[in-house]
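Okay, so the sequence shown: first residue is 94 according to the numbering used here, each after it adds one. Even glycine gets a Cβ: it sits at the ideal position worked out from N, Cα and C.
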Amino acid sequence: MSTSTYPAFPIMAVFGLLACLIPLKWIARENVGIVLYAIWLAVACVDLLVNSIMWHGNVLNHAPVWCDISSRLIAAVGVAIPASLLSIMRRLYHICTMRVLLSEHRNIFNSIQQKRRIFLEDVAIGVGIPLLQIGSLYVVTCDRFLIIEDIGCWPCVVNSWLAALLMYSWPVALGVAGGVYGVLTIRVYLKQRKEVNHAFQTANVNRQRYLRLLLFASLEICLTTPFALVSMILNLTTLPVVPYPGWASAHARSSVVDQLPAMVWRQSKASVVRLELSRWNVITCAVIFFGMFGFSADARKSYRVGFWTTAKLFGFKPRETPLPPRSSHQFRRRVATLATLSSGFTDRSNIGNGTRNENFALADVNHPEPSSNLYSTTERAPQYHVQSDGVNAANSSSEIQV
Numbered sequence: 094m095s096t097s098t099y100p101a102f103p104i105m106a107v108f109g110l111l112a113c114l115i116p117l118k119w120i121a122r123e124n125v126g127i128v129l130y131a132i133w134l135a136v137a138c139v140d141l142l143v144n145s146i147m148w149h150g151n152v153l154n155h156a157p158v159w160c161d162i163s164s165r166l167i168a169a170v171g172v173a174i175p176a177s178l179l180s181i182m183r184r185l186y187h188i189c190t191m192r193v194l195l196s197e198h199r200n201i202f203n204s205i206q207q208k209r210r211i212f213l214e215d216v217a218i219g220v221g222i223p224l225l226q227i228g229s230l231y232v233v234t235c236d237r238f239l240i241i242e243d244i245g246c247w248p249c250v251v252n253s254w255l256a257a258l259l260m261y262s263w264p265v266a267l268g269v270a271g272g273v274y275g276v277l278t279i280r281v282y283l284k285q286r287k288e289v290n291h292a293f294q295t296a297n298v299n300r301q302r303y304l305r306l307l308l309f310a311s312l313e314i315c316l317t318t319p320f321a322l323v324s325m326i327l328n329l330t331t332l333p334v335v336p337y338p339g340w341a342s343a344h345a346r347s348s349v350v351d352q353l354p355a356m357v358w359r360q361s362k363a364s365v366v367r368l369e370l371s372r373w374n375v376i377t378c379a380v381i382f383f384g385m386f387g388f389s390a391d392a393r394k395s396y397r398v399g400f401w402t403t404a405k406l407f408g409f410k411p412r413e414t415p416l417p418p419r420s421s422h423q424f425r426r427r428v429a430t431l432a433t434l435s436s437g438f439t440d441r442s443n444i445g446n447g448t449r450n451e452n453f454a455l456a457d458v459n460h461p462e463p464s465s466n467l468y469s470t471t472e473r474a475p476q477y478h479v480q481s482d483g484v485n486a487a488n489s490s491s492e493i494q495v
């Protein structure tokens with residue numbers, strides 16, 4: 094049974110995957126949260142792409158191992174995206190409020206121990222929370238997995254209040270926490286903009302990148318948090334909510350695979366909205382991600398390097414930009430400088446006697462000997478000569494320059 098989202102969704106999933114992977118080259122130095130966000134989005138795009146192709150128009154269980162992995166990835170990605178955004182916002186808030194530490198104790202802030210602690214905190218939020226979600230899925234799961242026609246593999250849970258607590262509420266709570274950090278960060282920045290900008294300059298923090306990351310995280314939170322709230326409301330209002338039957342009863346069908354044809358789930362508008370929004374929300378996040386980071390100065394530089402690297406394979410080379418001509422004033426100043434230097438040079442073999450080398454050429458100024466002294470022997474820098482057995486030290490040892 095063909096749908097209106099095929100083949101549009103697989104094509105957009107491919108673009109979403111590329112949109113997540115391409116900017117990774119130049120955003121890797123931003124912070125851990127944005128890298129985890131891009132990786133989770135790329136994983137989600139691959140998962141949804143494979144599912145939309147393999148189960149287009151069928152509900153056959155021809156890849157059970159893949160469905161075991163895919164159903165858990167879907168549950169993990171549902172909280173990984175808001176968790177990564179929370180990690181980003183939390184780091185931006187700390188950077189904005191720690192301006193005194195950044196400006197006065199820069200060495201402490203950039204120490205190895207501090208960087209390691211920051212890295213572990215971001216990984217704990219961006220990776221640890223999704224792993225906890227996978228564990229929570231096992232508590233409320235009822236069947237092995239669910240195969241939905243035109244959608245693919247999907248987690249199957251007991252729609253109870255325990256599932257609402259362990260599964261549905263995590264994305265909403267993480268989104269709200271990230272939003273609170275975002276509001277606090279914007280408030281601090283607007284209230285003390287001059288002090289924060291000065292601290293950024295002192296700590297070598299790129300203000301443009303900081304503001305771009307803040308805008309990106311704010312847009313994504315405004316997109317994902319309402320979606321998570323709507324999805325939770327639809328699950329609790331359009332589907333029957335049953336009491337949790339207990340561990341034994343909930344896992345009695347742990348080896349059963351449910352199959353849901355498109356003609357069944359498309360009869361419910363709530364199911365269509367919930368499932369389609371779950372897929373297209375990932376694509377939308379990928380598009381916003383590329384829109385914010387795919388056209389920056391670093392991105393354009395990387396595109397230019399990649400283009401000419403490929404073009405050189407076919408014999409094309411970039412046009413060399415000629416150096417700008419020197420002005421007459423610069424030329425006269427250059428000649429005067431060379432003349433001054435040439436007047437101060439002496440023949441090293443006669444330094445001890447103070448005699449000049451009359452054969453010294455002006456052209457030699459551009460190619461002096463590696464060990465030649467650029468100071469005058471009488472005016473520019475005094476020379477200290479150590480006599481040894483009546484022999485001038487200038488001919489037998491190196492000069493001491495003061």
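Answer yes or no: do residue i and residue j have a C-beta to C-beta separation smaller than 8 Å?
i: Val265; j: Ala321; result: yes
i: Ala169; j: Gln206; result: no
i: Asp236; j: Gly126; result: no
i: Phe102; j: Arg372; result: yes
i: Val335; j: Val251; result: yes
i: Leu277; j: Tyr130; result: no
Determine the extent of the alpha helix (DSSP H) in which residue i is found, giving its start and end residues.
i: Ile181; result: 157–190
i: Ala140; result: Position check: residue 140 holds Asp in this sequence, whereas Ala was assumed. First-last of the alpha helix (DSSP H) with Asp140: 125–147.
i: Arg359; result: Unbroken run through Arg359: none, as it is neither H nor E.
i: Ile120; result: 117–120
i: Phe293; result: 286–295
i: Leu111; result: 101–114
i: Leu239; result: It is not in any alpha helix (DSSP H) - Leu239 instead sits in the beta strand (DSSP E) that spans 236–241.
i: Ser395; result: 390–405
i: Ser342; result: 340–343
i: Pro336; result: Pro336 -> no alpha helix (DSSP H), and no H or E assigned at all.
Among residues of its own chain, excluding the 5 on either side of residue i, which ones have a beta-carbon nearer than 8 Å to its beta-carbon?
i: Val152; result: Ile240, Ile241, Glu242, Gln352, Leu353, Pro354
i: Leu308; result: Met385
i: Trp148; result: Ile240, Ile241, Glu242, Asp243, Ile244, Gly245, Cys246
i: Tyr99; result: Ser145, His149, Asp243
For residue i, I'd like the list of residues in its chain whose CB is within less than 7 Å of its CB, leaving aside the five on either flank, ordered along the chain.
i: Gly268; result: Pro175, Ile314, Thr317, Thr318, Ala321
i: Gly275; result: Met182, Ala310, Ser311, Ile314
i: Asn290; result: Arg300
i: Arg359; result: Val365
i: Leu111; result: none
i: Ser395; result: Lys118, Trp119
i: Arg346; result: Cys235, Asp236
i: Pro411; result: Trp401
Taking residue i as the reference, give the member of the options with the closest Cα.
i: Ala343; options: Pro411, Leu230, Ile326; result: Leu230
i: Ile376; options: Val298, Met356, Leu141; result: Leu141
i: Ile146; options: Ile244, Leu259, Val380; result: Ile244
i: Leu224; options: Met260, Phe238, Thr190, Cys189; result: Met260
i: Ala341; options: Val232, Ile132, Trp159; result: Val232
i: Phe238; options: Asn154, Phe383, Pro411; result: Asn154
i: Val143; options: Ser164, Trp254, Arg286, Tyr130; result: Ser164
i: Asn124; options: Gly219, Glu288, Ala173, Trp263; result: Gly219
i: Cys160; options: Val349, Gly408, Phe383; result: Val349
i: Gly387; options: Gly171, Ser262, Leu306, Ala137; result: Leu306
Check for me: the beta strand (DSSP E) holding residue i runs from which residue to which?
i: Gly245; result: 245–247
Within its chain, find whatever has a CB closer than 6 Å to the CB of residue i; leave out the 5 residues flanking it on each side and keep chain order.
i: Leu178; result: Gly271, Ala310, Glu313, Ile314
i: Ala135; result: Leu110, Cys113, Leu114
- Task: Answer yes if the region 321–338 comes into contact with the region 360–370, meaning at least three C-beta pairs across the two stretches below 8 Å, and no otherwise.
- Result: yes
- Message: If contact is defined by three or more beta carbon pairs under 8 Å, each pair taking one atom from either stretch, is the region 328–338 in contact with the region 248–256?
- Response: yes
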